[in-house]
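Student: Would you mind keeping the following structure in view while I ask a few things?
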Amino acid sequence: MGSVPNPGELTELTQPSFDEFQHQTSLMTGCTLMWKELSDHISSLEANLMRQSEALKRKIEALDSETKTSLDSLKKRELSIDDSVKIAVNRVELLKKDALKTLNDDNPDGEVDNGDGLLQILKSTCLRMEAKEFWNFVSGRKKDIELLREKIPEALSECIDPAKFVMEAISEVFPVDKRGNERGNDLGWACVLVLESLIPAVVDPVIGKSRMLITRSVKEKAKEIAETWKRSLEERGGIDNVKTPDVHTFFQHLITFGIVNEEELDLYRKLVIGSAWRKQMPKLAVSLGLGDKMPDMIEELISKGQQLDAVHFTYEVGLVDRFPSVPLLKAFLKDAKKAASSILEDPNNAGRAAQLAARKEQSALRAVMKCIEEYKLEAELPPENLKKRLEQLEKTKTEKRKPAAVPANKRTRASNGGPMPPAKAGRSTNAYVSSFAAPPSIVRSPSHPQYPAAVPAYPSPPPAMYGTQTPPTCPYMYSPEAAPQLAGSYPGAPMNYPAYGGYGNGIAPAYQQAYY
């Protein structure tokens, strides 16, 4: 008989083949997933390489274009040198003849009633290279600043070396003020005016502003002046305390002579932020190379509560979409109202709180209305409500200014039948008579040291300044209805004080506050 097969042996023979099958299946699945991942990674690398290749290709094309443009510009500048030199030489010869003619003229200075006379004097000082006389003339005619702005560039073109002439002219006040005790008059406006007017006079006549006709020695001198000004910052109290006109002059000096230093952009940034309220600061900041830093500067101005200044900067660099103007102006007005409220609550300004608060809000309203008009924001922020609020504040201020109704100062007899006051009572040593309107007054305590000088202590010999319940026999210097007001230091709200103890009648004279 044959043997019967053992089922256990069959199980042992078939089980390993099934496990092997599952193992092979899992390996195939893993290899498939890995292959897919590698394929995706390689495809991503290829796409990334293609993008980088395209970007590099565009950069190379841009560099080639810029190189070609630069080479063409250099070639043009090189070819223009001869023409510029010829023009300059001819101009120097012409200026030399004019200068000699002016020196031989016994009366080079004419009347300055009009622009021609002013231009004649400016040209005379420029031809003679009399920098000090030029500076004294310009700095003393601030009222004619617009006329000077028009005529100075033409006059500076008459100089042999306009750049050197301008540096010598402003050297009295820049980089360091050398006037000693005469520093009270700020001449920053004159420095900026002369430096701005120099640019048209040193522009290359052939290729324009891309090349300034400033010699290397003058430019080195300008750099030394800039370094001197920076060293003097500590004497001025640091960046936070430097005067805005000085900052403006410094910036204009850098721009005019083309000596902006990219390594000092952080210093320029701090100075711009400190004087951001100056109207010309946004344009100066761009000219100084701070265009890339403008977003951070605008955010810093907003964080400091200078939203109005931030609006001007946004329009200068085209960031209005990123920093919308209307929310900034509304926030500025809101901060102004808060500041006005804090002034009203300040006990240190009790006498002038209402006036100072109104002035603060009025200033903010006018600034915002001007900004709306300048940037055409009427559709987004109608100014009608702002105008109404401004009119309301001005009306309140006008009402407070109205003086108290005082009867006509007629020479009538006193009610007690006393003699008529003298016609020229103002000449009396005890009387106070003024032909001017009463100044702002405030009622002070009778213990204040001003009262013994203004009101004699009772009892005193007649004539008396004020009446009493028992009239003296001597006449009044003034009728009781027209008692003079006492002048105070600060205007405040009308106040009624109780009777002063030293008057003897138990009735205090009524003092009416005068607003202005």
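First residue of the sequence shown: -15, per my numbering; consecutive thereafter.
C-beta atoms are modelled at their ideal positions from N, C-alpha and C, and glycine is treated no differently.
Just so it is clear, the structure is predicted and the values come from calculations on it, not from any experiment.
Identify, in the order they occur along the chain, each residue of the same chain with its Cβ nearer than 6 Å to the Cβ of T109, setting aside the five sequence neighbours on each side.
Tutor: For the purposes of this step, residue 109 is identified with residue 125 of the sequence shown, where counting begins at 1. Cβ neighbours of T109 beyond the five flanking positions: E117 and F118.
Student: May I ask you to report which of helix, strand or coil DSSP gives P440?
Tutor: Along the sequence shown, read from residue 1 onward, the residue named residue 440 stands at position 456. Below a pLDDT of 50, predicted positions are generally treated as unreliable, and P440, at 43, falls in that range; no measurement from the model is reported.
Student: Within 10 Å of its beta-carbon, does V73 have 16 or more other beta-carbons around it, so buried, or fewer, so exposed?
Tutor: Sequence index remark: in the sequence shown, residue 73 carries index 89 (1-based). Exposed is the call here.
Student: Output yes or no for whether 7 Å exceeds the beta carbon distance between L340 and I327.
Tutor: Start at 1 with the first residue of the sequence shown, and residue 340 comes out as number 356. Start at 1 with the first residue of the sequence shown, and residue 327 comes out as number 343. Contact flag set, yes.
Student: Cα-Cα, which of N245, S259, T240 and A294 is closest to P229?
Tutor: Position 245 of the sequence shown holds residue 229. With distances taken between Cα atoms, P229 lies closest to S259.
Student: Report the residue from E142, V256, Q291 and Q264 whose alpha carbon sits nearest the alpha carbon of K277.
Tutor: To locate residue 277, count along the sequence shown from 1; it is residue 293. Closest in alpha carbon position to K277, among E142, V256, Q291 and Q264, is V256.
Student: Apart from the five residues on each side of it in sequence, which residues of its chain come closer than 8 Å, Cβ to Cβ, to K227?
Tutor: Looking up residue 227 in the sequence shown gives position 243. Residues of the same chain with a CB within less than 8 Å of the CB of K227, apart from the 5 flanking positions on each side, are D170, G172 and R220 in chain order.
Student: Can you tell me the Cα-Cα spacing of I223 and Q236, whole angstroms?
Tutor: Translated into the one-based positions of the sequence shown, residue 223 becomes position 239. Translated into the one-based positions of the sequence shown, residue 236 becomes position 252. Spanning the two alpha carbons is a distance of roughly 17 Å.
Student: Let me check understanding here. Comparing Cα to Cα, which of L177, A39, E345 and E180 lies closest to L377?
Tutor: Within the sequence shown, residue 377 is the residue found at index 393, counting from 1. Shortest Cα-Cα distance from L377 to any of L177, A39, E345 and E180 involves E345.
Student: Who are the Cβ neighbours of E364 in its own chain at under 7 Å, not counting the five residues just before and after it?
Tutor: Residue 364 sits at position 380 when you count from the first residue of the sequence shown. Answer for E364: V310, listed in chain order.
Student: Which residues does DSSP pair with D188 in a beta bridge?
Tutor: Looking up residue 188 in the sequence shown gives position 204. BP columns for D188 point to G192.
Student: Assuming L182 and D188 form a contact by the criterion Cβ under 8 Å, report the distance between their Cβ atoms to the nearest whole angstrom.
Tutor: For this step, residue 182 is matched to residue 198 along the sequence shown. For this step, residue 188 is matched to residue 204 along the sequence shown. That belief does not hold up - the Cβ atoms of L182 and D188 are roughly 14 Å apart, past 8 Å.
Student: Could you check the C-alpha separation between M34 and T53 for me, to the nearest Å?
Tutor: Here residue 34 corresponds to residue number 50 of the sequence shown, with the count starting at 1. Here residue 53 corresponds to residue number 69 of the sequence shown, with the count starting at 1. Between M34 and T53, the C-alpha separation is close to 28 Å.
Student: So, with DSSP's three-state summary, where would you put R215?
Tutor: Along the sequence shown, one-based indexing puts residue 215 at 231. Three-state result, R215: helix.
Student: For the 8 Å Cβ check, are there 3 or more pairs between the segment 60 to 74 and the segment 198 to 207?
Tutor: no
Student: According to DSSP, is S287 helix, strand or coil?
Tutor: As a first step, residue 287 is located in the sequence shown; it is residue number 303 there, counting from the start. Three-state result, S287: helix.
Student: Just tell me which of A320, P331, E358 and P367 has its CA closest to the CA of S347.
Tutor: Numbered from 1 along the sequence shown, position 363 holds the residue referred to as residue 347. Nearest option by C-alpha distance: A320.
Student: Can you give me the Cβ contacts of F316 inside the same chain, cut-off strictly under 7 Å, excluding the 5 residues immediately before and after it?
Tutor: Taking the first residue of the sequence shown as position 1, residue 316 is located at position 332. Hits under 7 Å: Q291, L292, A348 and V352.
Student: By how many angstroms is the C-alpha of C175 removed from the C-alpha of T233?
Tutor: Residue 233 sits at position 249 when you count from the first residue of the sequence shown. Residue 175 sits at position 191 when you count from the first residue of the sequence shown. Computed Cα separation, rounded: 6 Å.
Student: Considering only the alpha carbon of each residue, which of N369, N32, T240 and I286 lies closest to K148?
Tutor: Against the sequence shown, residue 148 aligns to sequence position 164. Looking at the Cα atoms, T240 is the closest of the given residues.
Student: Apply the 10 Å Cβ neighbour rule to A210 and answer buried if 16 or more other Cβ atoms are within range, or exposed otherwise.
Tutor: The residue given as residue 210 occupies position 226 in the sequence shown. Flag for A210 reads buried.
Student: Would A506 and E152 be called neighbours here (beta carbons separated by less than 7 Å)?
Tutor: For the chain, the structure presents residues -15 to 500; residue 506 sits outside this window and is missing.
Student: Give a yes or no on whether the C-beta atoms belonging to L514 and K135 are separated by under 7 Å.
Tutor: Past the edges of the chain, shown from -15 to 500, lies residue 514, and the structure says nothing about it.
Student: Check whether the Cβ of V157 lies closer than 6 Å to any heavy atom of the ligand COA, and answer yes or no.
Tutor: For the structure depicted, the ligand COA is absent and the ligand set is empty, with no information on it obtainable.
Student: Hey, could you find the ends of the alpha helix (DSSP H) P229 is sitting in?
Tutor: To locate residue 229, count along the sequence shown from 1; it is residue 245. It spans T228 to F241 - the alpha helix (DSSP H) in which P229 sits, taken as one unbroken run.
Student: Please report the distance separating the alpha-carbon of I282 from that of V270.
Tutor: In the sequence shown, the residue the question calls residue 282 occupies position 298. In the sequence shown, the residue the question calls residue 270 occupies position 286. Approximately 13 Å between the Cα atoms of the pair.
Student: So, S331 versus F297, is the Cβ gap smaller than 7 Å?
Tutor: Translated into the one-based positions of the sequence shown, residue 331 becomes position 347. Translated into the one-based positions of the sequence shown, residue 297 becomes position 313. Note that residue 331 is Pro in the sequence shown here, rather than Ser. Not closer than 7 Å, so no.
Student: Mind checking F158: buried by the 16 CB within 10 Å criterion, or exposed?
Tutor: For the purposes of this step, residue 158 is taken as the residue at position 174 of the sequence shown. Under this definition F158 is a buried residue.
Student: For the segment 25 to 82, list the alpha helix (DSSP H) runs that are entirely contained and at least 4 residues long, ordered along the chain.
Tutor: none
Student: Less than 7 Å between C-beta atoms, sequence neighbours within five positions excluded: which residues of the same chain meet that for F307?
Tutor: If you number the sequence shown from 1, residue 307 lands on position 323. These residues qualify, in order along the chain: I282, A294 and T298.
Student: Are there 16 or more other CB atoms within 10 angstroms of the CB of W261, so buried, or fewer, so exposed?
Tutor: Residue mapping note: residue 261 aligns to position 277 of the sequence shown, counting from 1. Counting the other CB atoms within 10 Å of its CB gives W261 a total below 16, which places it among the exposed residues.
Student: Is it right to say A39 is buried, meaning 16 or more other beta carbons lie within 10 angstroms of its own, or is it exposed?
Tutor: The residue you call residue 39 lines up with position 55 of the sequence shown. Label assigned to A39: exposed.
Student: Can you give the beta carbon distance from L102 to D128, rounded, assuming they're within the 8 Å contact cut?
Tutor: Counted from its first residue, the sequence shown places residue 102 at position 118. Counted from its first residue, the sequence shown places residue 128 at position 144. About 7 Å separates the two Cβ atoms, so the contact holds.
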